[in-house]
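Accompanying notes for the structure given below.
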Amino acid sequence: MNAIAIMGLINSALAASPDVVRLAAKFKDFIDAMFSAGVISKDDQDKLHAAVDERCAARLRGELLPHWQVEPDPTTPV
Amino acid sequence: MNRIRPSSALQAAVLLCFLLIGAVGCALFSEKKFEPGGAYASTDTSAAMPELYAMDSGFDLTYEAVDLVFKYEKDNRMALWAVSPRIKHGVDKLRVQASQVWLDYAVARQAYLSTPIPANLSALKVAVVKLQQINTALISVITTKGGS
């Protein structure tokens, strides 16, 4: 692996951190909900339902986020 | 060994991904109570939907994990391409599969919401399990440079 690639991956580690933190927070909420007193609050129910509704509606409209789309291979020489 | 050392952020994501597979499995079999008035709670005209809650929470969490890897690959395409073009090719293959599973889930959820019967729930379960498998495959593609 060349130096530029290594630098790129180091930068990516920093850039990816907020996304990982977001996923970790979501995971914590999920665990909290699972092991809470057994009652899922109205707010949590509505939030999840709305988020999944929105995602499903978008997909049924044929929408795909840019990073979910297959793009041509890079042409820049490695 | 034909392995790359993933960044610490990605390592954390990998760990979370494996944890979530277990957590989603637990959620599918755990008993839930719903605060009245919520989207999954019973109403005067309908029963509570704990199964849909389990499916939606499993789908939501797995989607986030898959989305994170797709974003990671796109944001760092040139660096990963320099490591191995097989990484992009492997992720692209899984992009196509994940997009289809996402669509399958949306269609199955629509069917379940209009007719909440066990037969309509099984399509949701299949989609969640497939998305988890895609998530595991994505982690494998990244950590093995696109193929073991």
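Respectively, the protein sequence lines represent chains A and B.
For reference, each letter of the first sequence is one residue, going 1 to 78 in the working numbering.
For reference, each letter of the second sequence is one residue, going 79 to 226 in the working numbering.
For every residue, glycine included, the Cβ atom is placed at its ideal position computed from N, Cα and C.
- Count the C-beta pairs between the segment 45 to 61 of chain A and the segment 125 to 138 of chain B that are closer than 8 Å, then say yes if the count reaches three, no if not. yes
- Task: Decide yes or no for the touch test of the segment 150 to 164 of chain B against the segment 216 to 223 of chain B: beta carbon pairs closer than 8 Å, at least 3 of them.
- Result: yes
- Roughly how many whole angstroms lie between the Cα atoms of A/Asp44 and B/Lys203? 21 Å
- Roughly how many whole angstroms lie between the Cα atoms of B/Ala215 and B/Leu172? 8 Å
- Item | is_contact[A/Pro74, chain B] using C-beta, thresh 7 Å | yes
- B/Glu113 at chain A interface by Cβ criterion, 7 Å: yes
- Message: Rounded to the nearest angstrom, what separates A/Arg22 and B/Ala197 at their Cα positions?
- Response: 34 Å
- Cross-chain neighbours of A/Ala51 in chain B, by beta carbon under 8 Å: Asp138
- Query: Among all the DSSP beta bridges, which residues are the ones paired with B/Phe112?
  - Reply: A/Ile40
- Give a yes or no on whether the C-beta atoms belonging to B/Val179 and B/Leu209 are separated by under 7 Å. yes
- 7 Å Cβ cutoff, A/Arg61 in contact with chain B: no
- Task: Using a Cβ cut-off of 8 Å, pull out every chain A residue sitting near B/Leu66, in sequence order please.
- Result: In the structure as shown, chain B starts at 79 and stops at 226, and residue 66 of chain B therefore has no counterpart that could be examined.
- Message: I want to see whether chain B comes within less than 7 Å of A/Asp46, judged by CB atoms only; does it?
- Response: yes
- Run through DSSP, which three-state label would B/Ile220 get? helix
- Message: Given a cut-off of 7 Å on the beta-carbon distance, is the pair B/Ala184 and A/Leu65 in contact?
- Response: no
- Query: How long is the line joining the alpha carbons of B/Tyr131 and B/Asp153, rounded to whole angstroms?
  - Reply: 32 Å
- Query: Is B/Leu181 helix, strand or coil by DSSP?
  - Reply: helix
- Message: Check whether chain B comes within 7 Å of A/Met1, counting only Cβ atoms and requiring the distance to be less than that.
- Response: Confidence is the limiting factor: at A/Met1 the pLDDT is only 49, short of 50, which leaves the residue's position unreliable and the question unanswerable from this model.
- Message: Helix, strand or coil, according to DSSP, for A/Val52 in the structure here?
- Response: helix
- Establish whether the CB of B/Ser177 and some CB of chain A are separated by less than 7 Å. yes
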